[in-house]
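Colleague: Got a structure here, written out as structure tokens. Questions coming.
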Amino acid sequence: MIAEALIVSAILFVIGVVGVLTRRNAIILFMCAELMLNAVNLSFVALAKLHNVTGQVFVVMVMCIAAAEAAVGLAIVISVFRHFGTVNLSELRTLRG
Amino acid sequence: MNGFYEFQFYLFSLLAIASALLFVTRKNPVPAALWLVNVMFALAGLYVMLDAPFIGVIQVLVYAGAIMVVFVFVVMLLNLGRSELTDLRSLGARLGAGVVGLALLANLLVITRQRVPRVALAPPADNEVEAVAASLFTDYIVAFELTSLVLLVAVIGSVLLAKKRVRA
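Chains A and B, in that order, are what the protein sequence lines are.
Those letters in the first sequence? Residues 53 to 149, by this note's numbering.
Those letters in the second sequence? Residues 1253 to 1420, by this note's numbering.
Structure below.
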């Protein structure tokens, strides 16, 4: 069960990575980041079953950090939308030379 | 009994992977968010099967219940529900992403195959929540308090970032 859970975790993480690399909608990018955090949480829980319960403690902390990251990130998205009128990252090219 | 357990484990795994694939291929953010909620429910099921029922409950409450609601709320607030023409990157970027993804997946699978020992699973602890709480509030108390500080900073920061600028 441990190895299978780690394989599922790897697949979910890679789906998140490919999503981040191929999409340009900022909100979808954030959701892909959440998917990657969830994949890591799954491997923490699986390894907590193999070793000891510390992995589950880390999962609780990862969830707190994910909540904080989502709140700040979405506030930035709202701010960007007010300023530029879009959340499509390819249209935010103020810094492009 | 064991076969039933394994069947459920693979069922939740397949559900998680299929929902994740559907999530990442949706153009519109709202169905994408709903498929992501589905992934999180399936993961909660997997946590329960891996003897972490407390984490499973927290997963449903915090991820599916709070974080994803914030995402959908922001989509509603910014009126992004209409699907854009395309938000995909160019073909070259997509091919590069595919290569990176395959390389990463192969890497992770090789590590999993080589490093994870084939041991008999330990029986579940008598009281899992008690063990988590004991570890969280003794060994990791400093990290726990720092997490509360991070949440406070996040609350203040998101209010500052998202409020309307008032010209003085």
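For every residue, glycine included, the Cβ atom is placed at its ideal position computed from N, Cα and C.
Note that the structure is predicted; figures quoted are calculated from it, not measured.
#1: For M53 of chain A, go through chain B and note every residue whose CB falls closer than 9 angstroms to its CB, in chain order.
#2: Within 8 angstroms, do at least three Cβ pairs link the region 1349 to 1357 of chain B to the region 82 to 99 of chain A?
#3: Please check if any C-beta of chain B sits within less than 8 angstroms of the C-beta of L144 of chain A.
#4: Using a Cβ cut-off of 8 angstroms (strictly closer), state whether V111 of chain A contacts chain B.
#5: Where K1279 of chain B and F1323 of chain B are concerned, what is the direct C-alpha to C-alpha distance, given to the nearest angstrom?
#6: Under the DSSP definition of a beta bridge, which residues are partnered with R75 of chain A?
#7: Decide if N77 of chain A is buried, meaning its Cβ has at least 16 other Cβ atoms within 10 Å, or exposed.
#8: Quick one, which of B:V1314, B:Y1299 and B:L1413 has its alpha-carbon nearest V1289 of chain B's?
#9: So for N104 of chain A, helix, strand or coil by DSSP?
#10: Quickly, what does DSSP pair N140 of chain A with across the bridge? List them, please.
#11: Alpha carbon to alpha carbon, what distance is there between V1402 of chain B and L1412 of chain B?
#12: By alpha-carbon positions, which one of B:I1269, B:M1301 and B:T1277 ends up nearest to F1259 of chain B?
#13: Taking beta-carbon pairs under 9 angstroms, can you tell me which members of the region 1315 to 1336 of chain B lie near chain A?
#14: Kindly list the residues whose CB is nearer than 7 angstroms to the CB of Q1366 of chain B, restricted to its own chain and excluding five residues on each side of it in sequence; keep chain order.
#15: For A1424 of chain B versus L1267 of chain B, is the C-beta distance shorter than 8 angstroms?
#16: What is the rounded straight-line gap between the Cα of A1414 of chain B and the Cα of L73 of chain A?
#17: If you reduce the DSSP assignment to three classes, tell me which class R1417 of chain B lands in.
#18: Look up V109 of chain A in the DSSP assignment and say whether it is helix, strand or coil.
#19: Where does V1407 of chain B land, buried or exposed, given buried means 16+ other C-beta within 10 angstroms?
#20: According to the neighbour-count rule (16 or more other Cβ atoms, all chains shown, within 10 Å of its Cβ), is N1331 of chain B buried or exposed?
#21: When you compare the CB of I1393 of chain B with every CB in chain A, is at least one pair closer than 8 angstroms?
#22: Please confirm if L94 of chain A has its CB atom under 8 angstroms from at least one CB of chain B.
#23: Could you pull out every residue in the same chain whose Cβ sits closer than 7 angstroms to the Cβ of W1287 of chain B, ignoring the five residues on either side in sequence?
#24: Compute the distance between the beta-carbons of N90 of chain A and V1291 of chain B, then report whether it is under 8 angstroms.
#25: Following the continuous alpha helix (DSSP H) through N1254 of chain B, name the residue where it begins and the one where it ends.
#26: Starting from T1390 of chain B, trace the alpha helix (DSSP H) both ways and give me its first and last residue.
#27: Output the residue ranges of the alpha helix (DSSP H) runs that lie fully inside the region 1299 to 1334 of chain B and measure 4 residues or longer, sorted by chain position.
#28: Under a three-way DSSP split, which group does V1368 of chain B fall into?
Modeller: Inspection of the coordinates gives the following:
#1: Within the first sequence, residue 53 of chain A is the residue found at index 1, counting from 1. Contact of M53 of chain A with chain B by beta-carbon distance below 9 angstroms involves Y1257, E1258, F1261, M1301, L1302 and L1373.
#2: No, they do not touch.
#3: Walking along the first sequence from the start, residue 144 of chain A turns up at place 92. With 8 angstroms as the cut-off, L144 of chain A does not count as an interface residue toward chain B.
#4: Counting from 1 along the first sequence, the entry for residue 111 of chain A is found at position 59. At least one CB of chain B lies nearer than 8 angstroms to the CB of V111 of chain A.
#5: By 1-based counting over the second sequence, the position of residue 1279 of chain B is 27. By 1-based counting over the second sequence, the position of residue 1323 of chain B is 71. So the alpha carbons of these two residues sit roughly 15 angstroms apart.
#6: Taking the first residue of the first sequence as position 1, residue 75 of chain A is located at position 23. B:L1340.
#7: As a first step, residue 77 of chain A is located in the first sequence; it is residue number 25 there, counting from the start. The residue is buried, with at least 16 neighbouring Cβ atoms inside 10 Å.
#8: Along the second sequence, one-based indexing puts residue 1289 of chain B at 37. A check of alpha carbon separations from V1289 of chain B across B:V1314, B:Y1299 and B:L1413 identifies B:V1314 as the nearest.
#9: The residue labelled residue 104 of chain A in the question sits at position 52 within the first sequence. Three-state result, N104 of chain A: coil.
#10: Translated into positions along the first sequence, residue 140 of chain A becomes position 88. In the DSSP output, where bridge partners are listed per residue, N140 of chain A has A:N77.
#11: Here residue 1412 of chain B refers to the residue found at position 160 of the second sequence. Here residue 1402 of chain B refers to the residue found at position 150 of the second sequence. Rounded to the nearest whole angstrom, the CA to CA distance from L1412 of chain B to V1402 of chain B is 15 angstroms.
#12: Working through the second sequence from its first residue, we reach residue 1259 of chain B at position 7. When each option's Cα is compared against that of F1259 of chain B, the closest is B:M1301.
#13: From the region 1315 to 1336 of chain B, only Y1315, A1318, I1319, M1320, V1322, F1323, F1325, V1326, V1327, L1329, L1330, L1332 and E1336 have a Cβ closer than 9 angstroms to chain A.
#14: Counting from one through the second sequence, the residue named residue 1366 of chain B turns up at place 114. Once the five neighbours on either side are set aside, Q1366 of chain B has no close Cβ partner at all.
#15: An answer regarding residue 1424 of chain B cannot be provided, because it is not within the stretch 1253 to 1420 covered by chain B.
#16: Position 162 of the second sequence, counted from the first residue, corresponds to residue 1414 of chain B. Position 21 of the first sequence, counted from the first residue, corresponds to residue 73 of chain A. Straight-line spacing of the CA atoms in A1414 of chain B and L73 of chain A works out to 26 angstroms.
#17: Indexing the second sequence from 1 puts residue 1417 of chain B at position 165. Shown here, R1417 of chain B sits in coil according to DSSP, grouped into three states, outside any helix or strand.
#18: Numbered from its first residue, the first sequence carries residue 109 of chain A at position 57. In this structure, V109 of chain A counts as helix in the three-state DSSP scheme.
#19: What you label residue 1407 of chain B is simply residue 155 of the second sequence in a count that begins at 1. By the neighbour-count rule (16 or more Cβ atoms within 10 Å), V1407 of chain B is not buried but exposed.
#20: For this step, residue 1331 of chain B is matched to residue 79 along the second sequence. Flag for N1331 of chain B reads exposed.
#21: Mapped onto the second sequence, residue 1393 of chain B falls at position 141. It does not; no Cβ of chain A falls within 8 angstroms.
#22: In the first sequence, the residue the question calls residue 94 of chain A occupies position 42. Chain B, which has a Cβ nearer than 8 angstroms to the Cβ of L94 of chain A, makes this yes.
#23: Translated into the one-based positions of the second sequence, residue 1287 of chain B becomes position 35. S1271, L1274, F1275 and R1278.
#24: Locating residue 90 of chain A in the first sequence gives position 38, counting from the first residue. Locating residue 1291 of chain B in the second sequence gives position 39, counting from the first residue. Yes, Cβ-Cβ distance for N90 of chain A and V1291 of chain B is below 8 angstroms.
#25: If you number the second sequence from 1, residue 1254 of chain B lands on position 2. Taken as a continuous stretch (DSSP letters only), the alpha helix (DSSP H) holding N1254 of chain B covers N1254 to T1277.
#26: Start at 1 with the first residue of the second sequence, and residue 1390 of chain B comes out as number 138. For T1390 of chain B, the uninterrupted alpha helix (DSSP H) segment begins and ends at E1380 to T1390.
#27: Counting whole runs of 4 or more residues, the region 1299 to 1334 of chain B contains the alpha helix (DSSP H) stretches 1305 to 1310 and 1320 to 1329.
#28: The residue given as residue 1368 of chain B occupies position 116 in the second sequence. Looking at V1368 of chain B - three-state DSSP - the assignment turns out to be coil, as it is neither helix nor strand.
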